[in-house]
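In what follows, a single structure is set out as structure tokens and then discussed.
2 protein chains.
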Amino acid sequence: MLSKKTKYGIKALTYLANRIENCPVQISEISKSENISHKFLESILLTLRKAGVLGSKKGKGGGYYLLKPALEIKMTDVIRALEGPIAMVPCVSLNFYEKCDDCPDENACSVHKLMIQVRDNTLHVLRNTTLADLNAS
Amino acid sequence: MLSKKTKYGIKALTYLANRIENCPVQISEISKSENISHKFLESILLTLRKAGVLGSKKGKGGGYYLLKPALEIKMTDVIRALEGPIAMVPCVSLNFYEKCDDCPDENACSVHKLMIQVRDNTLHVLRNTTLADLNAS
DNA sequence: TATAATCCTACTGTTCCGATAGGGTAATAG
DNA sequence: CTATTACCCTATCGGAACAGTAGGATTATA
Chain Z
60 MLSKKTKYGI KALTYLANRI ENCPVQISEI SKSENISHKF LESILLTLRK
110 AGVLGSKKGK GGGYYLLKPA LEIKMTDVIR ALEGPIAMVP CVSLNFYEKC
160 DDCPDENACS VHKLMIQVRD NTLHVLRNTT LADLNAS
Chain C
60 MLSKKTKYGI KALTYLANRI ENCPVQISEI SKSENISHKF LESILLTLRK
110 AGVLGSKKGK GGGYYLLKPA LEIKMTDVIR ALEGPIAMVP CVSLNFYEKC
160 DDCPDENACS VHKLMIQVRD NTLHVLRNTT LADLNAS
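Chains Z and C, in that order, give the protein sequences.
First residue of the first sequence: 60, per the working numbering; consecutive thereafter.
First residue of the second sequence: 60, per the working numbering; consecutive thereafter.
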């Protein structure tokens, strides 16, 4: 299941991408438009800034803005920053690998085999989808 | 993330599918072979029986066995029984649909659009994979 | 009738998620 | 220079879900 953090993050990014000008947008503007708690959204945007997806400007007239064109922001980057692993089990994760306690041999594990298939298919979608593809049509 | 319940369930099913004879296998045999807590596995196999995947025989010499040939047991059925929804958000789930609180219009939602893509790709894998495909090679 | 095994309900400890609280810090307007 | 605005950061907390446990009831076999 996708966490609300990730869901709200994607919605906020889409909102930013749909603006005509890429100038700083305040948290409260996004929060009102997308029905997201102001404080919660604040922590989400902070995470995206630390991940290098968003830039921010402090003080009056400040806010958050996209650091790159929407076409260059891949969904893999966004989801990894907010959600963590894309894989459904840590033992098939590319970026967040962890060995299973119960599995003596990964290559003989049926779950491992299946989840690699799922991961590859999911990655294919997320790698080839950018923020620009999610724009309101 | 896949729950341990689902993971253990798939491992147990694979174990059953790999047996030469499809006669009742005791919980403790599977539990030992796959390093799963006996009691926990018990509840998992019970779920699979209620879902119509496994049959059981009580009393001495009893145990669990596959109700259908491995080739006819789809991963979608197994995962839905143990994990619940396959989709990453309830609003794109086929079997466990729920409307989002924050979304006035699903069709305009960027997350919705993206997650339908992911769901379709995942479903494609899980529908076309049966227990027989997971056999130890 | 003893024993072996599933069946079933309830409970519990832990972890994670979603959200909140409260102040600190930087930039801008005037 | 100062007030205001808005981001920055840490800590905390309630609740839900997960992983696993406990204990006995039931049923079938030998």
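Glycine is no exception: its CB is placed at the ideal position from the N, C-alpha and C atoms.
List the residues of chain Z that residue i touches, going by C-beta distances under 9 Å, in chain order.
{"i": "Asp-161 of chain C", "result": "Lys-63, Lys-66, Tyr-67, Lys-70, Glu-93, Asn-94 and Ile-95"}
{"i": "Thr-106 of chain C", "result": "The premise fails here: Thr-106 of chain C is roughly 17 Å from chain Z at the closest Cβ pair, so nothing lies under 9 Å."}
Please list the partners that residue i has in chain Z, where partner means a Cβ-to-Cβ separation under 8 Å.
{"i": "Gln-85 of chain C", "result": "Neighbours of Gln-85 of chain C on chain Z: none; closest Cβ ~19 Å, over 8 Å."}
{"i": "Asn-180 of chain C", "result": "Asn-180, Thr-181, His-183 and Val-184"}
So the candidates are the options; which of them puts its Cα closest to the Cα of residue i?
{"i": "Asp-136 of chain C", "options": "C:Arg-78, C:Arg-186 and C:Ile-175", "result": "C:Arg-186"}
{"i": "Thr-73 of chain Z", "options": "C:Ser-169, C:Lys-63 and C:Leu-141", "result": "C:Ser-169"}
{"i": "Thr-106 of chain C", "options": "C:Gly-118, C:Ser-92, C:Lys-91 and C:Tyr-123", "result": "C:Tyr-123"}
{"i": "Leu-190 of chain Z", "options": "Z:Lys-66, Z:Leu-130 and Z:Arg-108", "result": "Z:Leu-130"}
{"i": "Asp-31 of chain C", "options": "Z:Lys-63, Z:Asn-194 and Z:Lys-172", "result": "Coverage of chain C is limited to positions 60 through 196, which leaves residue 31 of chain C absent and any answer about it impossible."}
{"i": "Gly-120 of chain Z", "options": "Z:Ile-86, Z:Ala-140 and Z:Val-151", "result": "Z:Ile-86"}
{"i": "Ile-95 of chain Z", "options": "C:Val-184, C:Asn-194, C:Cys-162 and C:Val-177", "result": "C:Cys-162"}
{"i": "Lys-91 of chain C", "options": "C:His-183, C:Asp-164, C:Tyr-67 and C:Ile-145", "result": "C:Tyr-67"}
{"i": "Ile-252 of chain C", "options": "C:Ser-115, C:His-97, C:Gln-176 and C:Glu-142", "result": "Here chain C has residues from 60 to 196 only, and residue 252 of chain C is not among them."}
{"i": "Asn-2 of chain Z", "options": "Z:Asn-166, Z:Gly-114 and Z:Ile-138", "result": "As displayed, chain Z neither begins before 60 nor continues past 196, which places residue 2 of chain Z out of reach and without an answer."}
{"i": "Lys-63 of chain Z", "options": "C:Asn-77, C:Ile-89 and C:Cys-159", "result": "C:Cys-159"}
{"i": "Lys-133 of chain C", "options": "C:Ile-89, C:His-183 and C:Glu-80", "result": "C:His-183"}
{"i": "Glu-93 of chain Z", "options": "C:Ile-103, C:Glu-165, C:Asp-179 and C:Ile-89", "result": "C:Glu-165"}
{"i": "Ile-79 of chain Z", "options": "Z:Cys-150, Z:Ala-167, Z:Pro-128 and Z:His-97", "result": "Z:Pro-128"}
{"i": "Asn-81 of chain Z", "options": "Z:Gly-114, Z:His-97 and Z:Ile-103", "result": "Z:Gly-114"}
{"i": "Ala-140 of chain Z", "options": "Z:Ile-89, Z:Cys-150, Z:His-97 and Z:Ile-103", "result": "Z:Ile-103"}
{"i": "Ile-210 of chain Z", "options": "Z:Arg-178, Z:Thr-188 and Z:His-97", "result": "For residue 210 of chain Z there is no data in the structure shown, the boundaries of chain Z being 60 and 196."}
In three-state DSSP terms, what is residue i?
{"i": "Tyr-156 of chain Z", "result": "coil"}
{"i": "Gly-114 of chain C", "result": "strand"}
{"i": "Lys-133 of chain C", "result": "strand"}
{"i": "Thr-188 of chain C", "result": "coil"}
Starting from residue i, follow the beta strand (DSSP E) in both directions and report where the run begins and ends.
{"i": "Gly-122 of chain Z", "result": "122-125"}
From which residue to which residue does the alpha helix (DSSP H) around residue i run?
{"i": "Ser-96 of chain Z", "result": "That residue, Ser-96 of chain Z, is in no alpha helix (DSSP H); it is neither H nor E in DSSP."}
{"i": "Ile-145 of chain C", "result": "From DSSP, Ile-145 of chain C is part of no alpha helix (DSSP H); its letter is neither H nor E."}
{"i": "Lys-64 of chain Z", "result": "63-77"}
Taking C-beta pairs closer than 7 Å, name the residues in chain Z that residue i reaches, listed in chain order.
{"i": "Leu-193 of chain C", "result": "Ser-169, Lys-172 and Leu-173"}
{"i": "Thr-135 of chain C", "result": "Under the 7 Å cutoff, chain Z gives no residues; its nearest Cβ is about 12 Å from Thr-135 of chain C."}
Under the assumption that residue i contacts residue j (Cβ atoms under 8 Å), give the Cβ distance between them as a whole number of angstroms.
{"i": "Met-60 of chain C", "j": "Met-147 of chain Z", "result": "6 Å"}
{"i": "Leu-100 of chain Z", "j": "Val-112 of chain Z", "result": "Going by Cβ atoms, the distance from Leu-100 of chain Z to Val-112 of chain Z rounds to 14 Å, so no, they are not a contact pair."}
{"i": "Pro-83 of chain Z", "j": "Lys-109 of chain Z", "result": "The Cβ separation is near 17 Å, so there is no contact."}
{"i": "Asn-194 of chain C", "j": "Ala-71 of chain C", "result": "Asn-194 of chain C to Ala-71 of chain C, Cβ: 14 Å. No contact."}
{"i": "Asn-180 of chain Z", "j": "Thr-65 of chain C", "result": "Going by Cβ atoms, the distance from Asn-180 of chain Z to Thr-65 of chain C rounds to 18 Å, so no, they are not a contact pair."}
Interface residues of chain C around residue i at Cβ under 8 Å?
{"i": "Thr-188 of chain Z", "result": "Leu-173 and Gln-176"}
{"i": "Val-148 of chain Z", "result": "Met-60, Leu-61 and Lys-66"}
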